[in-house]
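Numbering (our numbering), first residue to last: 4 to 462. By construction, the Cβ of each residue, glycine as well, lies at the ideal position given by its N, Cα and C atoms. I have placed the structure first, in the form of structure tokens, so that the comments after it can refer back to it.
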Ligand code: FES
Ligand SMILES: [Fe+2]
């Protein structure tokens with residue numbers, strides 16, 4: 004089969020041969036949710052992206068000053084702070100927030116610094132329970148509601164009032180069970196920032212999921228390069244299939260301005276590039292083998308995708324004591340990945356229910372931290388299990404030690420293997436920037452463009 008010829012098309016209009024994602028989703032026996040058919044691609048330009056966006060300390064400093072200090076970012080999950088006094092410290096660069104559940108059940112967030120002489124009230128990256136916030140230096144103490152309730156030897160501070168030295172709150176809100184903070188006192192509402200997310204996710208059950216597995220890995224690359232490794236499926240053939248044809252299933256890319264982008268990558272369908280295509284028996288055998296299950300039987304009149312989706316629905320229905328048979332094949336199987344600028348990914352699918360977050364390493368632009376959460380459906384009528392301990396992985400540790408990731412650990416390892424080499428190449432290259440595909444890599448361009456808008460003061 005020859006490569007498609009694209010003469011006469013404007014930049015960004017060319018597509019892989021074969022059916023479109025829309026055609027494929029509409030061919031499923033259970034219709035997909037309307038949101039998955041919503042298309043939003045626009046050509047965003049084809050200039051190179053400067054490598055200094057990744058490697059420069061000045062650029063990283065500008066990101067802290069002008070971007071991280073102004074964007075909404077998820078700090079923790081509501082299950083991290085279920086009871087009054089539960090708190091969770093979220094750090095980004097030198098900025099630090101304490102998220103807390105107050106006595107009347109509200110969630111608040113405070114800048115993690117004492118109003119006396121600045122000492123952090125709670126340690127870096129900590130969480131736990133506290134009846135109040137007592138500074139370890141001189142013992143000034145605030146209630147969970149931010150009221151100054153104890154000032155030792157107050158006679159020396161006639162210039163301090165309970166009002167002048169309340170703990171300043173920062174904007175905080177909850178979406179889909181995740182607690183978002185914004186370090187900017189003038190931030191607009193989270194709801195506006197989320198753009199299409201609340202609409203698209205209205206019928207999906209993110210708030211009914213709990214964190215089953217939480218891995219945090221140090222990655223040998225800039226936080227944007229790390230995120231970008233998950234923004235396209237163009238690398239699948241080379242990185243995950245060692246260059247062999249066969250896995251180039253249909254993937255659609257969308258950008259929903261200003262802060263959301265998405266890909267949808269189908270599962271258990273043929274690569275349009277395989278000639279001859281795999282038979283339905285072969286496709287089904289591959290799915291079972293990947294999942295490590297017994298071989299599945301192809302049923303009369305059903306495609307491999309339909310049989311496999313039914314199998315996943317039945318397995319999950321049994322495990323999580325609820326009926327998933329109404330879900331479309333796409334919602335059951337496909338890799339549906341929403342990106343929320345600047346650093347969060349949410350997957351609504353049943354089989355691939357991840358949430359990601361990427362954060363820069365404050366000490367170098369060349370490293371970052373990747374939080375990888377595997378979410379599972381809460382059993383109806385039961386409380387969420389407590390969030391699990393974080394499995395901390397260093398640069399050289401394999402994801403395969405984290406049991407909850409199943410076969411995906413190996414795939415994440417393959418992604419990591421590129422990162423250090425790419426970072427070294429940023430510095431070794433004669434060409435000073437990277438060249439992106441107009442369609443398949445548009446989400447990386449969108450991320451870069453949003454960052455540079457903030458860095459240049461136009462965010
Ligand atoms: S610095 Fe916090 S009480 Fe003095
Ligand atoms: Fe990958």
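Cβ neighbours of residue 458 in the same chain (closer than 8 Å, five flanking residues each side left out): Counting from 1 along the chain shown, the entry for residue 458 is found at position 455. For residue 458, where only same-chain residues beyond five positions count, the Cβ hits under 8 Å are 62, 65, 66, 69 and 70.
Those runs of the beta strand (DSSP E) which lie wholly inside the stretch 100-180 and span at least 3 residues: 110-114, 130-132, 151-153 and 175-178
Is residue 143 a contact residue of ligand 1, with contact defined as CB to any heavy atom under 7 Å? For this step, residue 143 is matched to residue 140 along the chain shown. Checking every heavy atom of ligand 1 against the Cβ of residue 143, one is found closer than 7 Å.
If residue 234 sits next to residue 447, beta carbons under 8 Å apart, how far is it from one beta carbon to the other, in whole angstroms? Locating residue 234 in the chain shown gives position 231, where the first residue counts as 1. Locating residue 447 in the chain shown gives position 444, where the first residue counts as 1. 5 Å between Cβ atoms; contact.
Within 10 angstroms of its Cβ, does residue 438 collect 16 or more other Cβ (buried), or is it exposed? Here the question's residue 438 lines up with position 435 in the chain shown. Exposed, by the Cβ-count rule.
Residue ranges of each alpha helix (DSSP H) run of no fewer than 4 residues wholly in the stretch 251-297, ordered along the chain? 283-294
Counting C-beta neighbours from all protein chains within 10 Å, is the total for residue 450 16 or more, i.e. buried, or is it exposed? Residue mapping note: residue 450 aligns to position 447 of the chain shown, counting from 1. Per the 10 Å Cβ criterion, buried.
Among the candidates 344, 282 and 205, whose CA atom is the shortest distance from the CA of residue 261? Working through the chain shown from its first residue, we reach residue 261 at position 258. If we check each option's Cα against that of residue 261, 344 comes out closest.
On a CA-only basis, which of 186, 238 and 253 is nearest residue 22? Give me that one, please. Counting from 1 along the chain shown, the entry for residue 22 is found at position 19. The option with the nearest alpha carbon to residue 22 is 253.
Kindly list the residues whose CB is nearer than 8 Å to the CB of residue 442, restricted to its own chain and excluding five residues on each side of it in sequence; keep chain order. In the chain shown, counting from the first residue as 1, residue 442 sits at position 439. Only 15, 17, 18, 44 and 256 meet the Cβ criterion.
How big is the Cα-Cα spacing for residue 452 and residue 327? Start at 1 with the first residue of the chain shown, and residue 452 comes out as number 449. Start at 1 with the first residue of the chain shown, and residue 327 comes out as number 324. So the alpha carbons of these two residues sit roughly 39 Å apart.
Supposed close pair residue 342, residue 265 - CB separation, criterion 8 Å: Position 339 of the chain shown, counted from the start, is the residue given in the question as residue 342. Position 262 of the chain shown, counted from the start, is the residue given in the question as residue 265. Contact holds; Cβ gap of about 7 Å.
Would you kindly check if the distance between the Cβ of residue 336 and the Cβ of residue 312 is under 8 Å? If you number the chain shown from 1, residue 312 lands on position 309. If you number the chain shown from 1, residue 336 lands on position 333. Yes; because the gap between Cβ atoms is below 8 Å, this pair is in contact.
For residue 182, which beta-bridge partners are listed by DSSP? Numbered from 1 along the chain shown, position 179 holds the residue referred to as residue 182. In the DSSP output, where bridge partners are listed per residue, residue 182 has 79 and 177.
Can you find a CB in chain C that lies within less than 8 Å of the CB of residue 402? Absence of chain C from the displayed structure is noted, only one protein chain being present.
Residue burial classification, residue 20 (beta-carbon count within 10 angstroms, cutoff 16): Looking up residue 20 in the chain shown gives position 17. Exposed is the call here.
Could you check which residue in 416, 334, 236 and 383 has the C-alpha nearest to that of residue 37? Position 34 of the chain shown, counted from the first residue, corresponds to residue 37. If we check each option's Cα against that of residue 37, 334 comes out closest.
So, residue 169 versus residue 150, is the Cβ gap smaller than 8 Å? Along the chain shown, read from residue 1 onward, the residue named residue 169 stands at position 166. Along the chain shown, read from residue 1 onward, the residue named residue 150 stands at position 147. A contact, by the Cβ cut-off of 8 Å.
Taking contact to mean 3 or more Cβ pairs, one atom from each stretch, closer than 8 Å, check whether the stretch 108-124 and the stretch 157-176 are in contact. yes
List in chain order: all unbroken alpha helix (DSSP H) runs of 4+ residues lying wholly within the stretch 21-89. 24-29, 37-40, 55-58 and 60-65
Between the stretch 125-143 and the stretch 87-96, do at least 3 Cβ pairs fall closer than 8 Å? yes
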